[in-house]
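Taking the numbering used here, the leading residue of the sequence shown gets 448, the next gets one more, and so forth.
Here is the structure we will look at, set down as structure tokens.
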Amino acid sequence: MRPYVVAGNWKMNTDMDSAIALAEALRARVDALEPGAQVQVLLCPPYPMLASVAAAVKGSPIGVGAQNMYLEDSGAYTGEVSAAMLVSAGCSHVILGHSERRQYFDDSNAVVNAKVKKAFTGGLVPIMCVGETLEQRETGVTEAVITMQIREGLEGVTAEQVRTMVVAYEPVWAIGTGRTATPEQAQEVHVYIRDLVATMYDRETADALVLQYGGSVKADNAAELFAQPDVDGGLIGGASLKAEQFLEIISAAKARTAAHP
Ligand code: 13P
Numbered sequence: 448m449r450p451y452v453v454a455g456n457w458k459m460n461t462d463m464d465s466a467i468a469l470a471e472a473l474r475a476r477v478d479a480l481e482p483g484a485q486v487q488v489l490l491c492p493p494y495p496m497l498a499s500v501a502a503a504v505k506g507s508p509i510g511v512g513a514q515n516m517y518l519e520d521s522g523a524y525t526g527e528v529s530a531a532m533l534v535s536a537g538c539s540h541v542i543l544g545h546s547e548r549r550q551y552f553d554d555s556n557a558v559v560n561a562k563v564k565k566a567f568t569g570g571l572v573p574i575m576c577v578g579e580t581l582e583q584r585e586t587g588v589t590e591a592v593i594t595m596q597i598r599e600g601l602e603g604v605t606a607e608q609v610r611t612m613v614v615a616y617e618p619v620w621a622i623g624t625g626r627t628a629t630p631e632q633a634q635e636v637h638v639y640i641r642d643l644v645a646t647m648y649d650r651e652t653a654d655a656l657v658l659q660y661g662g663s664v665k666a667d668n669a670a671e672l673f674a675q676p677d678v679d680g681g682l683i684g685g686a687s688l689k690a691e692q693f694l695e696i697i698s699a700a701k702a703r704t705a706a707h708p
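Encoded structure:
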């Protein structure tokens, strides 16, 4: 069975005190939710808070991921952060190719691909984000866009690596808009991605790939999204900043894995 992964992408929010307080509040209560159910929970705070959040959740089942990284190992790249730095700050995962990075910081498929490969060599699990804009969906090119993002993003990535990574499907029109993809829309694209990966690699690899859904996941819609057979978790933005909401989402994921272990 595939791992179930729920990650909170805090984006450019919180400060040191509120980040630590949120991590501690989650840590204190996460174990009590559906004990025994296997869900990997990740917190992805901004860079300055990574080490402190990692310290706050150390020894608990909660892990820490970064929201981005640079594709070089070290050197004169002012303002950038390497995979090794993230590992030393306590990260196990890194979000790459988020649509906000693609939109505002020109992260192309080629850049995302270089970062994915660097994450693997640096000892991080990449969470590679893909997704179409509203215009792309309405003009019927969703599958073409996703195909390019997956093919180019995974160029040179081995089957063994794909089996350990996460791909997050985040339709751009659903991010921060309150307009969630319907469970059927999410499932449809997830199946499309899994079948595509099967043609690029093999069925076993495709079946091992963890596929998260992201985009306006809230406490009141998480269960129906998580009920879809090819949704293996969620990448949560706004709702992950509120302990109560995020715990309810984790609880929905745990209930799902307990029902379908
Ligand atoms: P929202 O949950 O705020 O829509 O954000 C989704 C997202 O972009 C997570 O990476």
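Don't be surprised by glycine CBs; every beta carbon is placed ideally from N, CA and C.
Treat the numbers as computed from the prediction; the structure is a model and nothing was measured.
Secondary structure of residue i, DSSP reduced to three states
i	result
H637	helix
A454	strand
V604	coil
Y494	helix
V559	helix
V504	helix
A615	strand
V534	helix
E579	coil
V588	coil
V528	coil
T627	coil
R476	helix
R549	helix
Sheet register partners of residue i (DSSP bridge)
i	result
L518	Answer by DSSP bridge pairing: none, since L518 is not bridged.
P573	V541
V488	V453, I509
G661	L682
Residue of the options minimising C-alpha distance to residue i
i	options	result
S535	D553, L497, N560	L497
D667	E599, V558, Q659, F693	F693
W457	A531, G661, A670, A557	G661
I574	Q659, A690, T629, A523	Q659
V613	R626, L543, Q634	L543
A699	A484, S465, E590	A484
G684	A645, A621, E635	A621
R610	H637, R584, G506, Y648	Y648
Cβ-based burial, residue i [other Cβ within 10 Å; buried from 16]
i	result
G570	exposed
H707	exposed
P676	exposed
D679	buried
S555	exposed
R626	exposed
G522	exposed
E454	In the sequence as presented, Glu is not what sits at residue 454; that position holds Ala. Buried, because 16 or more other Cβ atoms sit within 10 Å of the Cβ of A454.
A479	exposed
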